[in-house]
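Counting along the sequence shown from 1, when you hit position 98 you're at 91 in my numbering, and nothing is skipped either side.
Using N, Cα and C, we set each Cβ at its ideal position, and we do this for glycine too.
Owing to the predicted nature of the structure, the values given are computational and were not obtained by experimental measurement.
Below is one structure, written out as structure tokens, with a few remarks after it.
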Amino acid sequence: MQLLKGNKVYLRALEPADIDELYQWENDSSIWHISNTISPYSRYVLENYLAEAHQDIFTAKQLRLVICLPEGKAIGCIDIFDFDPLHRRAGVGILIAEEADRGKGFASEALQLLIDYCRDVIHLHQLYCNITEGNDTSLKLFSNLGFAVCGTKKAWLKEKSGWKDEQMLQRML
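Encoded structure:
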């Protein structure tokens, strides 16, 4: 557990008791544009997801960890997705759910803990993320932790305001 524990936050596996937070986070339409979500999730679907969350990353090809404060309060989650064991790479996504918890270094520490885990435990070669243009906070977070822009997908995402580019960043581990 020490590997996934920092000074401000720790990362833990999903638990069945996380259903209420997961339901709230996944159905918060104000952040759907970040995860390219276009429809709500039912409790049933999320309960089934939680029931399968025990699978290891080599089986599921993904891993979601809950970001918690030292006293145990869940404030968000961090995901490894598109896990490719042959090429030893994966995508990363992160959510700090409440605006009041943002800007306090929680995301930065959680991301660093995940980087260490990916390098030292599952021996990944590289991580990548996709960030929509205009999401300067996420761009700064990932850049500060060694991710570099490696490409731009032009007019990649359709939003209410029109088409937006998406930056792809990667970091070698």
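- Counting only runs of 3+ residues, the beta strand (DSSP E) found wholly inside the stretch 72 to 100 occupies 82 to 89, in chain order.
- Contact between the stretch 22 to 29 and the stretch 136 to 144 is absent: fewer than three C-beta pairs spanning the two stretches fall below 8 Å.
- The beta carbon of L162 sits closer than 7 Å to those of Y121, C122, I124, F135, F140, A141, V142, C143, all from its chain and outside the five residues before and after it, given in chain order.
- Q160 carries a strand assignment under DSSP once its states are collapsed to helix, strand and coil.
- Contact annotation, Q105 with L132: C-beta distance approximately 17 Å; criterion of less than 8 Å not satisfied.
- For A44, the enclosing alpha helix (DSSP H) begins and ends at 36 to 45.
- A93 has its alpha-carbon roughly 17 Å from the corresponding atom of G65.
- According to the DSSP secondary-structure assignment, R57 is paired through a beta bridge with D72.
- The distance from the Cβ of I115 to that of A103 is about 17 Å, inconsistent with a contact at the 8 Å cut-off.
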